[in-house]
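What follows is a short report on a single structure.
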Amino acid sequence: KNPPTDSSAAFPFVVVSNRLPVDRQVHADGTLSFRTSPGGLVTALEPVMREADGAWIGWTGSADDETDPFEHDGIHLIPVTLTADDVELYYEGFSNDTLWPLYHDVIAPPAYHREWWESYVTVNQRFADRAAAVTAENGTVWVQDYQLQLVPKMLREQRPDLTIGFFNHIPFPAYGIYSQLPWRTQIIEGLLGADVIGFQRTADAGNFTRAVRRLLGHQTKGTVIDVPVEAEAEVKSAKHRISRVRDDKLVRTVVAKAFPISIDAARYEELARRPDIQERAREIREGLGNPKVVMLGVDRLDYTKGIGHRLKAFGELLADGTVDVEDVTLVQVASPSRERVTAYQNLRDEIELTVGRINGDFGTISHTAISYLHHGYPREEMVALYLAADVMLVTALRDGMNLVAKEYVASRFDNDGVLVLSEFAGASDELRTALRVNPHDIEGLKESILQAVAMPKSERSRRMRAMRKRVQENDVARWSSSFLATLTTPSDGLALPKAN
Ligand code: GDG
């Protein structure tokens, strides 16, 4: 209906995410520049973008920023402006204080405010309009994550010629939880505007499909959902996804299935093999007083990550005398996150109080129980930490995937190190030889930590080899190519007879 408005800027492949994959930097002299932000998504999509002459639509991260579209490292970046109000209502409010806690099994109570929802609709429409304006005829748009769940439908309404994909990076909750959301039907309808909806785990895709049946009554079969075609315009386009069902009704077929995300595994191994990074790992251990066992936690400071449960288990092991502060030390990197949202401010206070207590109770002049670091670090330093850690603790209460678990595994080319991994992180579906734990079970968690600390070398190596194989084979390039293959090559069985 509305072809691209500017043919000079008609991109055949467009990615849409809340944030652009760059960070804005303000220099001492007041000038601005952009630096590619390190992340798996950029790494995965960079080659695809270059080959397909793609564009990326998103926010620069600064309120009221009106930067014009620009090219960076060979990718076309198209900024969407968010006002200070949008940031407060759509981003900090609805995205991070409604959807985030709701989708993570209400670990923190979600807040429902109608003005946050209204802002979510307005901002989603702005992203959809932008995508509609710059995507070439019959092009492909890939929308990312929970901040933009209404974009697929809004985009299809304007541009039925497009192939639209959506990937949800966080969990999708069971219906009993999802159904709390006052706007539950609108969100499901928004997502169903896509041709393929990707989730981290099979269970997430199942939860979504059940919500579709419960709320809209659409027929579903396995990973395929039949969505009745409403607008005549939809029939003309993307014919390969339209089929005729009972009573001569036309339906669009939408696929909802798991595509577990991953990391650039080779890049992590390459860093881990660098002599300077290995030297840095030795320095880190020395700085900690060369304890027998270094344990590590790396998380954004978020209530979903189970940092408190981890600290509780470690504190009790020290109190029981099962573990000695001279032998075992815990390094906890808690990178600052969403610092303007109250739940995050409270969490920080709680964690820092606990760390202070444990260190006060059990530390000695020469040995600290917990080295707590409320900073972000360069990736090189993260890899040095992974190499320095005998035990990696991932104790999330709910986590879409958890890339830290995969990064630890990818870095351990020495086939050593033990991963303690929550069964509530998506990664536990794949990393079957990790020591899998239920972080709510503090006794069980303590036992797993002790098992990790005492694990013989041969067992560590056997478990790590199996995990490494998995992460190397299923890296992030494989993730994006399998999603895009499903998106762009619909199965023959769904084809509409030529006569139509
Ligand atoms: C969401 C989902 C899903 C952390 N601190 C520093 C730093 N990091 C890096 C880690 C890792 C990334 O940030 C965190 O990724 P996670 O997957 O662990 O968690 P979320 O941020 O919650 O991500 C999650 C993911 O999306 C992808 O789909 O797996 O479930 O919640 O890469 O290394 N990196 C650097 N310095 C730090 O201080 N350089």
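Using my numbering, the first residue of the sequence shown is number -2, and each one after it goes up by one. A virtual CB, placed ideally from N, CA and C, is assigned to each residue, including glycine.
CB of Ala422 within 9 Å of CB of Ala393, strictly: As a position in the sequence shown, residue 422 is number 425, starting the count at 1. As a position in the sequence shown, residue 393 is number 396, starting the count at 1. The Cβ atoms of Ala422 and Ala393 sit closer than 9 Å to each other.
Contacting residues, own chain, Cβ-Cβ under 6 Å from Tyr117 (five flanking each side not counted): If you number the sequence shown from 1, residue 117 lands on position 120. Cβ contact annotation for Tyr117 (same chain, cutoff 6 Å, sequence separation greater than five): Tyr87, Phe91, in chain order.
Asn165, DSSP secondary structure in three states: For the purposes of this step, residue 165 is taken as the residue at position 168 of the sequence shown. In the structure shown, Asn165 sits in coil (DSSP, three-state: anything other than H, G, I, E or B).
7 Å CB neighbourhood of Leu17 in its chain, flanking five on each side removed: Here residue 17 corresponds to residue number 20 of the sequence shown, with the count starting at 1. Excluding positions up to five away in sequence, the list reads Trp53, Gly55, Trp56, Thr57, Leu74, Pro76.
Own chain, CB closer than 7 Å to Leu491, minus 5 neighbours either side, in chain order: As a position in the sequence shown, residue 491 is number 494, starting the count at 1. The predicted position of Leu491 is uncertain, since its pLDDT is 43 and thus under 50; a value taken from the coordinates is nonetheless stated next. Cβ within range, chain order: His237, Arg238, Ser240, Thr250.
Whole-angstrom distance between Phe164 and Leu38, CA atom to CA atom: To locate residue 38, count along the sequence shown from 1; it is residue 41. To locate residue 164, count along the sequence shown from 1; it is residue 167. Roughly 11 Å separates the two Cα atoms.
Under 9 Å between C-beta atoms of Leu350 and Leu327: Looking up residue 350 in the sequence shown gives position 353. Looking up residue 327 in the sequence shown gives position 330. The answer is no: Cβ separation not under 9 Å.
Inter-residue spacing [alpha-carbon to alpha-carbon] between Ser259 and Asp358: In the sequence shown, counting from the first residue as 1, residue 259 sits at position 262. In the sequence shown, counting from the first residue as 1, residue 358 sits at position 361. For Ser259 and Asp358, the distance between alpha carbons rounds to 39 Å.
Under 9 Å between C-beta atoms of Arg457 and Val417: In the sequence shown, counting from the first residue as 1, residue 457 sits at position 460. In the sequence shown, counting from the first residue as 1, residue 417 sits at position 420. Remark: C-beta atoms of Arg457 and Val417 do not approach each other more closely than 9 Å.
Selection from Gly219, Ile355, Val12, Ala125 that minimises the alpha carbon distance to Val138: Here the question's residue 138 lines up with position 141 in the sequence shown. The candidate whose alpha carbon is nearest that of Val138 is Val12.
Residues that DSSP places opposite Ala52 in a beta bridge: Locating residue 52 in the sequence shown gives position 55, where the first residue counts as 1. In the DSSP assignment, Ala52 forms a beta bridge with Val11, His73.
N-terminal and C-terminal residue of the alpha helix (DSSP H) that Glu404 is part of: Within the sequence shown, residue 404 is the residue found at index 407, counting from 1. Glu404 -> alpha helix (DSSP H) spans 400 to 408.
Tyr109 in three-state terms, based on DSSP: As a working note, residue 109 is residue 112 in the sequence shown. It is coil, neither helix nor strand.
Cβ-based burial, Ile446 [other Cβ within 10 Å; buried from 16]: Translated into the one-based positions of the sequence shown, residue 446 becomes position 449. Under this definition Ile446 is a buried residue.
Reduced DSSP category for Phe256 - H, G, I as helix; E, B as strand; rest coil: Against the sequence shown, residue 256 aligns to sequence position 259. It is coil, neither helix nor strand.
Spatial distance of Asp472 from Arg123 (CA atoms): Counting from one through the sequence shown, the residue named residue 472 turns up at place 475. Counting from one through the sequence shown, the residue named residue 123 turns up at place 126. A straight-line Cα-Cα distance of about 33 Å links Asp472 and Arg123.
Check: Val325 C-beta below 8 Å from any heavy atom of the ligand GDG: Numbered from its first residue, the sequence shown carries residue 325 at position 328. The answer is no for Val325.
Segment limits, beta strand (DSSP E) that includes Phe196: Position 199 of the sequence shown, counting from 1, holds the residue named residue 196. Judged by DSSP secondary structure, Phe196 falls within the beta strand (DSSP E) whose first and last residues are 193 to 196.
Proximity to Asp245 [Cα-Cα], best of Asp261, Val226, Ala255, Glu231: For the purposes of this step, residue 245 is taken as the residue at position 248 of the sequence shown. Ranked by Cα distance from Asp245, the options Asp261, Val226, Ala255, Glu231 are led by Val226.
Close Cβ partners of Leu42 (< 7 Å) along its chain, the five nearest in sequence each way excluded: Sequence index remark: in the sequence shown, residue 42 carries index 45 (1-based). Setting aside the 5 residues that flank it on each side, Leu42 is surrounded in the same chain by Val12, Ser477, each with a C-beta closer than 7 Å to its C-beta; the list follows chain order.
Close-in-space but distant-in-sequence residues of the same chain around Pro494 (CB under 6 Å, 5 per side omitted): Translated into positions along the sequence shown, residue 494 becomes position 497. With a pLDDT of 38 at Pro494, under the threshold of 50, the modelled position of that residue is not reliable, and the figure given next carries that caveat. Nothing listed; no residue qualifies.
Residue burial classification, Gln144 (beta-carbon count within 10 angstroms, cutoff 16): Along the sequence shown, one-based indexing puts residue 144 at 147. Buried, because 16 or more other Cβ atoms sit within 10 Å of the Cβ of Gln144.
Check: Asp273 C-beta below 8 Å from any heavy atom of the ligand GDG: For the purposes of this step, residue 273 is identified with residue 276 of the sequence shown, where counting begins at 1. For the ligand GDG, not one heavy atom lies less than 8 Å from the Cβ of Asp273.
Nearest residue (CA-CA) to Thr483, options Asp26, Gly195, Pro170: Position 486 of the sequence shown, counted from the first residue, corresponds to residue 483. Of Asp26, Gly195, Pro170, the residue nearest in Cα terms is Gly195.
Inter-stretch contact (C-beta, 8 Å, three-pair minimum) for the segment 267 to 286 and the segment 364 to 383: Yes, they touch.
Residues bridged to Met292 (per DSSP): If you number the sequence shown from 1, residue 292 lands on position 295. Looking at the DSSP assignment, Met292 forms a beta bridge with Leu327, Val388.
Short Cβ contact (9 Å threshold) for Ser363 with Glu323: As a first step, residue 363 is located in the sequence shown; it is residue number 366 there, counting from the start. As a first step, residue 323 is located in the sequence shown; it is residue number 326 there, counting from the start. A Cβ-Cβ contact shorter than 9 Å links Ser363 with Glu323.
Residues whose Cβ lies closer than 6 Å to any heavy atom of the ligand GDG, in chain order: That gives Pro35, His166, Ile167, Ile258, Val295, Arg297, Val330, Ser332, Gly373, Tyr374, Pro375, Arg376, Met379, Asp396, Gly397, Met398, Asn399, Leu400, Val401, Glu404.
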